[in-house]
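*Asks:* My numbering puts the last residue of the sequence shown at 1232; the count rises by one with no breaks.
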Amino acid sequence: MAEFTLHCFAQSGNAYKVALMLELNGADWEPAWMDFFNGASRQPDFRDNVNEMGEIPVLEHGSTKLTQSGVILDYLAEHFETYGWNGSTERRDILRWILFDNHKLTSYTATLRFLRAFAKTGETEITRWLEGRALSAYKVLDRHLAERDFVVGGRPTIADLSLCGYLFWPDEIGIDLSRFENINRWLGNIKSLPGWTDPYALMPGHPLPAAG
Ligand SMILES: N[C@@H](CCC(=O)N[C@@H](CS)C(=O)NCC(=O)O)C(=O)O
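In structure tokens, the structure reads:
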């Protein structure tokens, strides 16, 4: 049995944030696949035994079980002493960007991608609204990165790993990221980290079986 078990599925950018952190640290980890697209996260068994919030990712490390990607990243940064903070001011800055990511960037991006790439709703008032919200978040991030290689402290941290979670899937999101020059450069910096792996190569469940 591996040291870390990550409950995940390949299409989850939230799980990717954690999988990437484990991979960049050369951790001994294994995925426990969750059948999201067939409703596994809604089953009583999952809520009773894995995560009462009904969400992926969940990380198990010995007797410790953690949920919420931001909390898990914080735990792993402390555990590995990598991708973390130098001092409490920087720690709060990292936290600030992780909260911005969860609330403003990932939430709208992930929902938009779900509707476009998986539920295939076509363009609706909802997709248009979500796209506007996602674009506002990308503008904030792009502006912040104008004179920076990474989000906090001039080096890669868990803030970068959180914010990039969905952004290697621009085609599935349906937003051309090439207009965000600084985001593009920054994604290139993340891709250059030794051990960086594409989300679909890191976690099980891709490609999805064709709908019957
Ligand atoms: N803020 C949470 C979001 C987790 C989340 O929304 N996970 C999705 C998969 S990417 C999920 O499990 N959704 C299940 C559902 O909504 O039923 C985190 O960062 O961990």
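Where is the CB? At the ideal position from N, CA and C, for every residue including glycine.
(1) Could you tell me whether the segment 1157–1166 touches the segment 1182–1200, using the rule of 3 or more Cβ pairs below 8 Å?
(2) Over the uninterrupted beta strand (DSSP E) stretch that includes Trp1053, give me the two end residues.
(3) Output needed for Asp1114: all residues of its chain with C-beta closer than 7 Å, excluding positions within five of it in sequence on either side, in chain order.
(4) So, using beta-carbon positions, are Glu1075 and Ala1137 closer together than 8 Å?
(5) In its own chain, which residues sit with a C-beta less than 7 Å from the C-beta of Glu1043, not counting the 5 before and 5 after it?
(6) Is it the case that the segment 1112–1130 contacts the segment 1052–1065, given that we only count it when at least three CB pairs across the two stretches are under 8 Å?
(7) Residue ranges of each alpha helix (DSSP H) run of no fewer than 4 residues wholly in the segment 1073–1158, ordered along the chain?
(8) Are at least three pairs of beta-carbons, each pair with one atom in the segment 1047–1058 and one in the segment 1022–1036, less than 8 Å apart?
*Replies:* Reading from the atomic positions:
(1) Enough Cβ pairs lie closer than 8 Å, so yes.
(2) Looking at the DSSP string, the run of the beta strand (DSSP E) that includes Trp1053 is 1049–1053.
(3) For clarity, residue 1114 is Ile in the given sequence; the question names Asp instead. Trp1105, Val1172, Thr1177, Ile1178, Ala1179, listed in sequence order.
(4) No, they are not a contact pair.
(5) Only Gly1215, Thr1217, Leu1222 meet the Cβ criterion.
(6) With a cut-off of 8 Å on Cβ pairs, the segment 1052–1065 is not in contact with the segment 1112–1130, counting fewer than three such pairs.
(7) Note on the segment 1073–1158: whole alpha helix (DSSP H) runs with a minimum of 4 residues are 1089–1100, 1108–1120, 1127–1133, in chain order.
(8) By the Cβ criterion, the segment 1047–1058 is in contact with the segment 1022–1036, since at least three pairs of Cβ atoms, one from each stretch, lie closer than 8 Å.
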